[in-house]
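Residue numbers (this note's numbering), protein chains in the order written: chain P, 1 to 111; chain B, 1001 to 1112. C-beta: ideal position from N, C-alpha, C; glycine also. None of these values were measured; they are calculated from a predicted model. Scroll down for the structure; my scribbles are underneath it.
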Amino acid sequence: RKEVEQDPGPFNVPEGATVAFNCTYSNSASQSFFWYRQDCRKEPKLLMSVYSSGNEDGRFTAQLNRASQYISLLIRDSKLSDSATYLCVVTSTSGTYKYIFGTGTRLKVLA
Amino acid sequence: GEEVAQTPKHLVRGEGQKAKLYCAPIKGHSYVFWYQQVLKNEFKFLISFQNENVFDETGMPKERFSAKCLPNSPCSLEIQATKLEDSAVYFCASSQSADGYTFGSGTRLTVV
C-alpha cells in the first residue's frame, strides 16, 4: 500500500462546476500536509497548506481529518485554468522535512 | 534570488556517460532537496541538505549517484555511468522550514 493515496482521475468537469479530491495517508504521525499543483511536467507549485481547522483561499478549500487520515481539496466555480494535476503531499515523520507525494489527481475543466 | 534555479533544462546522455545537474536554492533557504520524477508522476526522494551538510540521504542509489552543496556554489547532483532507467525529470527544491518547498523548474535527463 502506498503511503499517500489519491484517485488518479482524470476528473473531467464543466466550467463552473465544483469538484472535490480526497487523499489518504498511512502514517498517523505525519505532521505537515500540502496540496501542490503541477502543470504538464512543470515544477509543482504550492497551492495551499492543510490544517485541521481547514483553510480557504478564494475558490479553494482544504481540510485535514487526522482521525480518518485523509485530506481533501474542494475547488468551486472551476475555471479552464484549473486544469492540472493536483498532488497531495505529506511530510515524513522523521523530522527531515522529506515529502511523501501522492501520484496526483488529474483535473480537466471543459469549456 | 526568489526562485530556485536549475540547469541545464534538458540533458541527453548516452548510456554509461556521466550527468551533472545544478541547483541554486533561494537565498536564505537552509534546506535543499532533490527528487526524481519518472513517468506516471511518481516522485522519488533522493537526498536533502541542511546548508552544506547532508541531512537525509536515504533515497540515494549509493553506487552511481552523488550530490554536494558547497558554500558559494550551486548544489549539484551527479550520476556516474548513466542507465536508461535514470531518464526522468530531476527537481530541486529549497525551503527555510517545514512550511512548504519552492521547486525549481527541473532538469529533464534523457539517457539513450
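If contacts are defined as beta-carbon pairs under 8 Å, then residue i and residue j qualify, I think. What distance do you get, rounded to the angstrom?
{"i": "B/Tyr-1031", "j": "B/Phe-1049", "result": "7 Å"}
{"i": "B/Thr-1082", "j": "B/Gly-1028", "result": "Not confirmed; about 33 Å, so no contact."}
{"i": "B/Val-1089", "j": "B/Gly-1014", "result": "Wrong, their Cβ atoms sit about 19 Å apart, outside the cutoff."}
{"i": "P/Ser-78", "j": "P/Gly-16", "result": "6 Å"}
{"i": "P/Phe-11", "j": "P/Arg-76", "result": "Contact doesn't hold; Cβ gap of about 14 Å is too wide."}
{"i": "P/Lys-45", "j": "P/Tyr-36", "result": "6 Å"}
{"i": "P/Ser-49", "j": "B/Asp-1099", "result": "7 Å"}
{"i": "B/Thr-1110", "j": "B/Ser-1076", "result": "The Cβ separation is near 19 Å, so there is no contact."}
{"i": "P/Cys-192", "j": "P/Ile-100", "result": "Nothing in the structure corresponds to residue 192 of chain P, since chain P is present only between 1 and 111."}
{"i": "P/Tyr-51", "j": "B/Ser-1095", "result": "Contact doesn't hold; Cβ gap of about 18 Å is too wide."}
Could you tell me which chain B residues have their CB closer than 7 Å to the CB of residue i, listed as they occur along the chain?
{"i": "P/Gly-104", "result": "Asn-1041"}
{"i": "P/Phe-101", "result": "Phe-1043"}
I want to verify the contact list: residues of chain B whose CB lies under 8 Å from the CB of residue i, in sequence order.
{"i": "P/Tyr-86", "result": "In chain order: nothing, as chain B lies at least about 11 Å away."}
I want to verify the contact list: residues of chain P whose CB lies under 8 Å from the CB of residue i, in sequence order.
{"i": "B/Phe-1103", "result": "Glu-43, Pro-44, Lys-45"}
{"i": "B/Lys-1031", "result": "According to the sequence provided, residue 1031 of chain B is Tyr. The question's Lys does not apply to it. Those are Tyr-97, listed as they occur along chain P."}
Looking at the secondary structure, which residues open and close the beta strand (DSSP E) in which residue i lies?
{"i": "B/Tyr-1031", "result": "1031-1037"}
{"i": "P/Ala-20", "result": "19-25"}
{"i": "B/Gln-1050", "result": "1043-1050"}
{"i": "B/Arg-1013", "result": "1010-1013"}
{"i": "P/Ser-5", "result": "According to the sequence provided, residue 5 of chain P is Glu. The question's Ser does not apply to it. Unbroken beta strand (DSSP E) run through P/Glu-5: 4-6."}
{"i": "B/Lys-1068", "result": "1065-1068"}
{"i": "B/Val-1111", "result": "1107-1111"}
{"i": "P/Pro-14", "result": "11-14"}
Residue i touches chain B at which residues, Cβ-Cβ below 9 Å?
{"i": "P/Ser-49", "result": "Asp-1099, Gly-1100"}
Just to make sure I have the definition right: I need the residues of chain P whose C-beta is within less than 9 Å of the C-beta of residue i. Which are they?
{"i": "B/Phe-1091", "result": "Glu-43, Pro-44"}
{"i": "B/Ser-1095", "result": "Tyr-97"}
Would you say residue i touches the ligand ZN, meaning its beta carbon is less than 7 Å from a heavy atom?
{"i": "P/Asp-77", "result": "For the ligand ZN, the structure offers nothing, since it holds no ligand at all."}
*Which residue spans inside the region 37-109 of chain P form an unbroken beta strand (DSSP E) run of at least 3?*
Correct list: 45-49, 55-57, 60-65, 70-75, 84-91, 99-101.
*Give the residues from the region 1044-1057 of chain B that approach chain P closer than 8 Å (Cβ to any Cβ), ordered along the chain.*
Taking 8 Å as the Cβ-Cβ cut-off, the region 1044-1057 of chain B approaches chain P at Phe-1045, Ser-1048, Phe-1055, Asp-1056, given in chain order.
_Residues within the region 1012-1030 of chain B neighbouring chain P, beta-carbon criterion of under 8 Å_ = Taking 8 Å as the cut-off between beta carbons, none of the residues of the region 1012-1030 of chain B comes near chain P.
*asked:* Along the region 18-44 of chain P, where does the CB come closer than 9 Å to a CB of chain B? Name the residues.
replied: Correct list: Gln-31, Ser-32, Phe-34, Tyr-36, Gln-38, Arg-41, Lys-42, Glu-43, Pro-44.
*asked:* Could you tell me which whole beta strand (DSSP E) segments of length 3 or greater appear in the region 1070-1098 of chain B?
replied: For the region 1070-1098 of chain B, whole beta strand (DSSP E) runs of length 3 or above, ordered along the chain, are 1075-1079, 1088-1095.
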